[in-house]
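Engineer: Counting with numbering that gives the first Met the number 0, you get residues 0 to 426 for the letters of the sequence shown. Once you've had a glance at the structure underneath, I'll fire off some questions.
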Amino acid sequence: MSDIQIILKPDWARIVFESSISEESIYADYHYFWLRHNCPCLNGCRHPSTKERLIDASVIPLEIRPLRAVVTTDKDNQPAVAFFWPPIATKGDDGELVSLDEKEHVSVIPVQWLRDNAYAVNRTDSHELPPHDASLITVDYREFASKHAADGQDAAKSSIKLTDQGALLYKAALYDILRKYGVAVIRNRGDNTEDVIYDFIEPTADVISTHFGRIEHLRTDNVENTNNDQLGYTNSPVRLHTDLCYADKVPGFQFLHCIRPADIGGGNYFVHAESAANYLKTEVSRRAYDLLTTVPVRFDRKQSKFQALHTSPILRLSDSADPVTGDKKLEQVRYSYFTQAAQTNVPFSELREWYEAQQVWDKLLYRDDFQIKADLKAGDVVIYDNLKVLHARNGFSGPRHMAGVYLEAKDLWTHLGQAKQKSLETV
């Protein structure tokens, strides 16, 4: 029994069974709702005399998680795993839900039964949670300036210039973070948005102008931009989305430069949507993933002086499959609830299923363990991959001001990639 291990993941448990020294360990993965549904106890889950199941699968929350789990023995002194669950409601005689009078529910499941009924033995196609630790994506420009300020520059002031070597190290750090996580937060960058632009692209390149203008000034009293009759120029919360879903060609990157934070609220949060989609596919619902990658959605931006429409699945896959895995690669996420038009591309009998798939996806995105949160102060910058990372902001009060800029992905990767290569050559 000592060789049995339990690994509690966010949505399922992995049980590593006993094995001989000469053999590789055998493990199996089990959904928590499946484990709870198959509780063998005689205290409400099985009939005391017939041992038939009493608990209805419909009352098991699909999001249920155990409070803890331990290796133990059952009533016959055989190896077992005990799962301690939060209480759930069951159905009474009239079909109404009735709360059980218990602080926790214990399921002692024999290991041999788990082995006999394993449905995911030695599974290898699993994915971890998206990154959600803000420290992993954060650099402090002032730290680079304290070591690499150009001659005549005061490292304590804003918008300072770095030495050539300092700029290479700074941009190499951004390259590494964006390649791995798709989003980077830069603290204390300074107050000049034009300077920030050329952290990411060559001086001969330029930003992507849109129907809003060259630089968006996202604030409630905006007078600089055209077509500012949209949520970004209000103080309302803006939920997770990617930008310009209605455009045929979507900008590869966007950065937000905090000119002034809100008095209250206005915090930003992000989800690495590519990781979230992979997690949806292998850990939660392959059917939902298949629907979101195949069913076309109309994204329709209608404003008083502008209109654009594009149709695409929420998750767009590559045209060709990987020769090794046979899977198609996720190339782009288009997700924007405020420009999503009425769904008319699904037959009547399948529409509910499509909505359920979108709700499963949306619930994942709003889990705390999926999100990276970042409160930006004046002079801070956040940059993110607009094809693979969702962004959002909370509602706010006070004169919050963000400068928003779109960039071509090839311009950014060329510039930061060259800096990364030169930084390695100078080591």
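All residues carry an ideal CB built from backbone N, CA and C; glycine is no exception.
Given A88, which residues of its chain have a CB within under 8 Å of its CB, disregarding the five upstream and five downstream residues?
Structural biologist: Cβ within range, chain order: V58, L96, V97, S98, L99.
Engineer: Tell me whether H46 is buried or exposed, calling it buried when 16 or more other Cβ atoms sit within 10 Å of its Cβ.
Structural biologist: H46 is exposed by the Cβ-count criterion.
Engineer: According to DSSP, simplified to helix, strand and coil, what is T192?
Structural biologist: It is helical.
Engineer: Going by C-alpha to C-alpha distance, which of L316, S348, R114 sits closest to N277?
Structural biologist: For N277, the nearest C-alpha among the options comes from L316.
Engineer: At what residue ranges does the region 60-141 contain a whole run of the alpha helix (DSSP H), taking only runs of 4 or more?
Structural biologist: Complete alpha helix (DSSP H) runs here, min 4: 110-115.
Engineer: Roughly how many angstroms lie between the CA atoms of I13 and V105, to the nearest whole one?
Structural biologist: The displayed chain sequence assigns Arg, not Ile, to residue 13. The alpha-carbon atoms of R13 and V105 are separated by roughly 18 Å.
Engineer: State the CB to CB distance for the pair E273 and K146, rounded to an integer number of angstroms; the pair is presumed to be in contact (CB under 8 Å).
Structural biologist: Not a contact, Cβ separation roughly 34 Å.
Engineer: Using only the alpha-carbon positions, how far apart do K304 and N226 sit?
Structural biologist: The alpha-carbon atoms of K304 and N226 are separated by roughly 7 Å.
Engineer: Is it a yes or a no for the region 363-383 touching the region 315-333, going by three-plus beta-carbon pairs under 8 Å?
Structural biologist: No, they do not touch.
Engineer: Where does the unbroken beta strand (DSSP E) through H390 begin, and where does it stop?
Structural biologist: Unbroken beta strand (DSSP E) run through H390: 388-392.
Engineer: Taking contact to mean 3 or more Cβ pairs, one atom from each stretch, closer than 8 Å, check whether the region 209-226 and the region 341-354 are in contact.
Structural biologist: With the cut-off at 8 Å, the region 209-226 and the region 341-354 do not touch.
Engineer: Since Q358 is in the alpha helix (DSSP H), which residue starts that stretch and which ends it?
Structural biologist: 347-364 is the span of the alpha helix (DSSP H), which, as asked, contains Q358.
Engineer: With D289 as the anchor, note down where its alpha helix (DSSP H) starts and where it stops.
Structural biologist: Taken as a continuous stretch (DSSP letters only), the alpha helix (DSSP H) holding D289 covers 285-293.
Engineer: From D404 to L243, what does the alpha carbon distance come to, in whole angstroms?
Structural biologist: Residue identity check: residue 404 is Val in the sequence provided, not Asp. Their backbone Cα atoms lie some 13 Å apart in a straight line.
Engineer: Taking the alpha carbon of R122 as the point to measure from, which residue in R286, W11, R64, C40 has its own alpha carbon closest?
Structural biologist: Here the closest residue by C-alpha is W11.
Engineer: Might you give, ordered along the chain, the residues of its own chain that have their beta carbon closer than 8 Å to the beta carbon of Q77, omitting 5 neighbours on each side?
Structural biologist: P109, V110, Q111.
Engineer: Flag this pair as yes or no: are the beta carbons of L161 and A149 separated by less than 8 Å?
Structural biologist: It is a contact, given that the beta carbons lie within the stated cut-off.
Engineer: Assuming I258 and S396 make a contact with CB atoms under 8 Å, what is their CB distance in whole Å?
Structural biologist: Not really, about 17 Å apart at Cβ, beyond 8 Å.
Engineer: Between the beta-carbon of I176 and the beta-carbon of I136, is there less than 8 Å?
Structural biologist: Cβ distance < 8 Å, so I176 and I136 count as in contact.
Engineer: Would you kindly check if the distance between the Cβ of T192 and the Cβ of H240 is under 8 Å?
Structural biologist: No, the pair does not count as a contact, with Cβ atoms beyond the cut-off.
Engineer: Could you give the first and the last residue of the continuous beta strand (DSSP E) run that contains T310?
Structural biologist: T310 -> beta strand (DSSP E) spans 305-311.
Engineer: Just curious, the beta strand (DSSP E) that K248 is in, first and last residue?
Structural biologist: Per DSSP, K248 belongs to no beta strand (DSSP E) and is neither H nor E.
Engineer: Tell me H400's beta-bridge partners as DSSP assigns them.
Structural biologist: According to DSSP, which records beta bridges pairwise, H400 is partnered with R259.
Engineer: Okay, do the region 399-416 and the region 197-214 touch, 3+ Cβ pairs below 8 Å being the bar?
Structural biologist: Short answer: they touch.
Engineer: My guess is that R188 and Y118 are in contact by the Cβ rule of under 8 Å, so how many angstroms apart are they, rounded?
Structural biologist: Actually they do not touch by this definition, with Cβ atoms about 51 Å apart.
Engineer: DSSP three-state call for I176: helix, strand or coil?
Structural biologist: Helix at I176.
Engineer: Out of R238, D220, P130, R392, which one is the CA nearest neighbour of V182?
Structural biologist: Among R238, D220, P130, R392, the Cα nearest to that of V182 is on P130.
Engineer: Do you know offhand how far I54's Cα is from H36's?
Structural biologist: Near 7 Å, if we compare the C-alpha coordinates of H36 and I54.
Engineer: Opposite Y405 in the DSSP bridges: which residues?
Structural biologist: The partner list for Y405 (beta bridge, DSSP) reads I207, Q253.
Engineer: Would V195 and F269 qualify as a contact pair, given that the criterion is a beta-carbon distance under 8 Å?
Structural biologist: Contact: no.
Engineer: Name, in chain order, the residues that DSSP records as bridge partners for K240.
Structural biologist: According to the sequence provided, residue 240 is His. The question's Lys does not apply to it. Answer is H390.
Engineer: Tell me, to the nearest whole angstrom, how far the beta carbon of D247 is from that of H309; I am working on the premise that it is less than 8 Å.
Structural biologist: Correct: roughly 6 Å between the Cβ atoms.
Engineer: Name the two residues that bound the continuous alpha helix (DSSP H) containing R186.
Structural biologist: No alpha helix (DSSP H) contains R186, which is instead part of the beta strand (DSSP E) from 182-186.
Engineer: Indicate, with yes or no, if the ligand SAH has a heavy atom lying under 7 Å from the CB of L128.
Structural biologist: Absent from the structure shown: the ligand SAH. Ligands present: none.
Engineer: From F143 to P260, what distance separates their C-alpha atoms?
Structural biologist: Going by the C-alpha atoms only, they are around 24 Å apart.
Engineer: When burial is assigned at 16 or more other CB atoms within 10 Å of the CB, is G378 buried or exposed?
Structural biologist: So G378 counts as buried.
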